[in-house]
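Enquirer: Going letter by letter, the sequence shown gives residues 31 to 432 in UniProt numbering.
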Amino acid sequence: GIVVSSLLRETGMVTVDPGFMNTASCESEITYIDGDAGILRYRGYAIDQLAEKSSFLEVAYLLIHGELPSPSEHDAFVERVNRHTLVHEDFRTFMGTFPRDGHPMAVMASAINALSTFYPESLDPFDDETVELATVLLLAKSRTITSYLHRRRVGEPLLYPDYSRGYVEDFLRMTFAVPYMQYDSDPTVVDALDKLLILHADHEQNCSTSTVRVVGSSHANIYASVAAGINALSGPLHGGANESVLKMLTEIQGSGTTVQDFMSKVKNKEDGVRLMGFGHRVYKNYDPRAAIVKKSADAVLSTLGKRDELLDIAMELEDIALNDDYFIERKLYPNVDFYTGLIYKAMGFEPAMFTPLFALGRMPGWIAQWREMMKDPQTKIGRPRQIYTGATQRDYVDLSAR
Ligand code: ACO
31 GIVVSSLLRE TGMVTVDPGF MNTASCESEI TYIDGDAGIL RYRGYAIDQL
81 AEKSSFLEVA YLLIHGELPS PSEHDAFVER VNRHTLVHED FRTFMGTFPR
131 DGHPMAVMAS AINALSTFYP ESLDPFDDET VELATVLLLA KSRTITSYLH
181 RRRVGEPLLY PDYSRGYVED FLRMTFAVPY MQYDSDPTVV DALDKLLILH
231 ADHEQNCSTS TVRVVGSSHA NIYASVAAGI NALSGPLHGG ANESVLKMLT
281 EIQGSGTTVQ DFMSKVKNKE DGVRLMGFGH RVYKNYDPRA AIVKKSADAV
331 LSTLGKRDEL LDIAMELEDI ALNDDYFIER KLYPNVDFYT GLIYKAMGFE
381 PAMFTPLFAL GRMPGWIAQW REMMKDPQTK IGRPRQIYTG ATQRDYVDLS
431 AR
């Protein structure tokens with residue numbers, strides 16, 4: 031049921047809802063989830079149709095503008111994003127000042143935040159053309175930033191874009207090509223990464239998106255809001271789970287313990303161990319994204335000839351979980367993060383890059399939600415209430431008397 035908040039205000043009542051389990055923070059037309067039925071739709075379109083037939087920038091346009099683009103709108107949008115791919119030389123220098131082995135999520139959040147200093151002409155949140163410019167800048171620069179995150183870690187230079195290639199195809203080239211050498215990415219890999227970015231593109235009021243909205247509700251600029259979202263995403267209970275899953279699988283493989291032993295640890299809640307990549311606040315059924323990712327993992331690994339023992343461990347964990355009362359009673363199923371790391375690894379990304387890839391995919395969702403919020407007449411500054419449980423009034427005691 032829906033409780034109208036104005037009624038609560040009139041009666042002077044305050045609700046306590048840790049983790050916002052039952053509190054809606056806004057109305058939104060962007061993404062629909064039915065967690066019990068395992069349904070996910072962007073602007074009314076089923077996620078499996080979009081993943082199968084669409085492309086990442088087309089989905090970005092759909093999320094942000096509400097409709098699929100016409101062919102001319104599509105081409106103009108892609109061309110405009112392409113045109114903004116290069117970053118200023120000072121920006122590259124700035125990114126180059128972080129320790130090379132510092133976590134790329136921290137560098138990414140800082141880099142996105144810093145865009146406001148490089149593009150001060152794109153900051154007015156109430157001017158439509160300016161917001162559109164910031165939108166294009168974010169989509170374009172985040173791709174360049176993500177590829178440079180990888181290249182700095184491996185000690186290679188940033189590459190110039192090749193506008194004749196698609197967004198994902200050229201992202202892979204800019205990430206993995208060796209300078210002055212011909213690079214052609216495998217179409218299966220391009221297609222799989224395009225799908226993954228689409229699957230991550232929005233997920234209504236998750237932790238990072240809510241963060242973007244709360245920060246933006248103070249009229250902070252879009253870069254500051256999205257950078258805050260990237261920081262929220264970095265946690266292992268949210269986007270950071272994709273990196274944690276691979277760490278967990280690798281530890282199981284190296285520890286000599288059986289998958290069953292590991293599962294007993296999880297069920298006994300020993301040392302707070304959780305089955306990473308399992309469970310979701312909203313999905314109480316198989317995450318529809320995980321079903322698509324699982325199929326894709328199988329396809330990519332066999333096409334690349336990179337059969338990975340970790341995939342067998344993951345499938346064994348899933349098999350046990352789906353037939354075990356602990357997981358059945360709590361309605362815990364694989365979420366989108368359970369299989370993605372295995373695909374990224376096969377593509378050549380190291381684990382620290384997995385969550386930046388999630389952020390690259392989530393960019394259209396953060397932008398769309400920020401824009402919707404700024405236009406919504408119901409928006410108010412995000413400012414939850416609390417129930418105070420501290421000391422009642424007391425008198426100050428001088429330091430010497432304590
Ligand atoms: N492994 C083992 N037990 C779990 C797991 C898990 N992955 N997830 C939940 N549980 C158990 C909890 O211990 C709790 O059990 P209890 O009732 O005996 O106390 C019960 O299931 C409910 O869990 P909550 O933590 O209350 O559920 P909540 O909705 O708050 O958390 C979350 C959701 C954070 C995703 C959780 O399932 C989790 O920690 N999963 C692992 C991390 C992960 O994969 N995160 C990615 C989420 S998807 C995304 O961000 C894209």
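Yeah, the Cβ is synthetic: ideal placement off N, Cα and C, and Gly gets one too.
Fair warning: this is a prediction, and the values are worked out from it, not measured in the lab.
Pull up the DSSP beta-bridge partners for Leu70, would you.
Expert: According to DSSP, which records beta bridges pairwise, Leu70 is partnered with Ile63.
Enquirer: Leaving aside the five residues before and after Leu87 along the sequence, list all residues of the same chain whose C-beta is less than 6 Å from its C-beta, in chain order.
Expert: Hits under 6 Å: Val108 and Tyr197.
Enquirer: Given Ser248, which residues of its chain have a CB within under 6 Å of its CB, disregarding the five upstream and five downstream residues?
Expert: Cβ within range, chain order: Ile411.
Enquirer: Helix or strand or just coil, what does DSSP make of Tyr91?
Expert: Three-state result, Tyr91: helix.
Enquirer: Return helix, strand or coil for Ala207, following the three-state DSSP convention.
Expert: The answer is coil: DSSP assigns Ala207 none of H, G, I, E or B.
Enquirer: Can you tell which of Thr115, Phe368 and Asp64 has its C-alpha closest to the C-alpha of Phe308?
Expert: Nearest C-alpha to Phe308: Phe368.
Enquirer: Please tell me whether, using a cut-off of 7 Å, the distance from the CB of Phe50 to the nearest non-hydrogen atom of the ligand ACO is below it.
Expert: For the ligand ACO, not one heavy atom lies less than 7 Å from the Cβ of Phe50.
Enquirer: Shortest alpha-carbon distance to Cys56 belongs to which of Thr409, Arg415 and Val427?
Expert: Checked all of Thr409, Arg415 and Val427; the closest Cα to Cys56 is Thr409.
Enquirer: Counting only the same chain and skipping the five closest in sequence on each side, list residues whose C-beta sits under 6 Å from that of Thr333.
Expert: Only Thr218 meet the Cβ criterion.
Enquirer: Output yes or no for whether 8 Å exceeds the beta carbon distance between Pro318 and Leu98.
Expert: No.
Enquirer: Determine whether the Cβ of Gly412 lies closer than 8 Å to any Cβ atom of chain D.
Expert: Looking at the structure shown, chain D is missing, and only one protein chain is on hand.
Enquirer: Can we count Ala323 as close to the ligand ACO, meaning its CB is less than 7 Å from some heavy atom?
Expert: The sequence given here places Val at residue 323; Ala does not occur at that position. Every heavy atom of the ligand ACO is 7 Å or more from the Cβ of Val323, so no.
Enquirer: Taking 8 Å as the cut-off, decide whether the C-beta atoms of Ala170 and Ser326 are in contact.
Expert: Result no, Cβ atoms of Ala170 and Ser326 do not sit closer than 8 Å.
Enquirer: Do the CB positions of Gly261 and Pro155 come within less than 8 Å of each other?
Expert: In the sequence under discussion, the amino acid at residue 261 is Asn, which differs from the Gly named in the question. No; because the gap between Cβ atoms is not below 8 Å, this pair is not in contact.
Enquirer: What do you get for Tyr91, buried or exposed, if any count of 16 or more other CB atoms within 10 angstroms of its CB means buried?
Expert: Result: buried.
Enquirer: Considering Tyr253, what are the terminal residues of the alpha helix (DSSP H) in which it resides?
Expert: Ile252 to Leu263 is the span of the alpha helix (DSSP H), which, as asked, contains Tyr253.
Enquirer: Which residues in the same chain as Lys361 place their Cβ atom closer than 6 Å to its Cβ, once the five residues preceding and following it in sequence are excluded?
Expert: These residues qualify, in order along the chain: Lys314.
Enquirer: Between the Cα of Glu234 and the Cα atoms of Leu227, Leu93 and Asp406, which residue gives the shortest distance?
Expert: The candidate whose alpha carbon is nearest that of Glu234 is Leu93.
Enquirer: Could you have a look at Ala321 and say whether DSSP puts it in helix, strand or coil?
Expert: Note: Ala321 maps to helix in three-state DSSP.
Enquirer: What does the Cβ neighbour count give for Asn365, buried or exposed, with the cut at 16 atoms within 10 Å?
Expert: Asn365 is buried by the Cβ-count criterion.
Enquirer: Compute every distance between the C-beta of Arg360 and the non-hydrogen atoms of the ligand ACO, then say whether any falls below 7 Å.
Expert: Yes.
Enquirer: Decide if Met43 is buried, meaning its Cβ has at least 16 other Cβ atoms within 10 Å, or exposed.
Expert: By the 10 Å Cβ count, Met43 comes out exposed.
Enquirer: Answer with buried or exposed for residue 435, where buried requires no fewer than 16 other C-beta atoms within 10 angstroms of its C-beta.
Expert: Lying before the first or after the last residue shown, residue 435 is absent from the chain, which here runs from 31 to 432.
Enquirer: Taking 7 Å as the line, does the beta carbon of His133 fall inside it for any heavy atom of the ligand ACO?
Expert: No - the ligand ACO has no heavy atom lying nearer than 7 Å to the Cβ of His133.
Enquirer: So Tyr253 packs on Asn353, CB below 8 Å; how close in whole Å?
Expert: The Cβ separation is near 47 Å, so there is no contact.
Enquirer: For Ala398 and His268, I'd like the C-alpha separation in whole angstroms.
Expert: Each residue's alpha carbon lies about 20 Å from the other.
Enquirer: Between Phe308 and the ligand ACO, is the CB less than 7 Å from at least one heavy atom?
Expert: Phe308: yes, Cβ under 7 Å from the ligand ACO.
Enquirer: Any heavy atom of the ligand ACO inside 7 Å of the beta-carbon of Leu334?
Expert: Leu334 Cβ: outside cutoff for every heavy atom of the ligand ACO.
Enquirer: Are the stretch 189 to 196 and the stretch 105 to 122 in contact at 8 Å, needing three or more beta carbon pairs?
Expert: Yes, they touch.
Enquirer: Kindly list the residues whose CB is nearer than 7 Å to the CB of Ile77, restricted to its own chain and excluding five residues on each side of it in sequence; keep chain order.
Expert: The answer, listed in chain order, is Leu70, Arg71, Leu229, Pro318 and Arg319.
Enquirer: For the stretch 381 to 415, list the alpha helix (DSSP H) runs that are entirely contained and at least 4 residues long, ordered along the chain.
Expert: Listed in chain order, they are 384 to 405.
Enquirer: Verify whether the separation of the beta carbon atoms of Gly259 and Val242 is less than 8 Å.
Expert: Yes, these two residues count as a Cβ contact at 8 Å.
Enquirer: Relative to the alpha-carbon of Asp158, which residue among Glu402, Ile373 and Tyr418 has its alpha-carbon at the smallest distance?
Expert: Nearest of Glu402, Ile373 and Tyr418 to Asp158, Cα basis: Glu402.
Enquirer: So which of Met211, Thr280 and Val330 has the shortest CA-CA distance to Ile343?
Expert: Residue Thr280 is the option with its Cα nearest to Ile343.
Enquirer: Can you name, in chain order, every residue of its own chain whose Cβ lies under 8 Å from the Cβ of Val256, other than the five neighbours on each side?
Expert: The answer, listed in chain order, is Ile142, Leu168, Val242, Met393, Trp396, Ile397 and Trp400.
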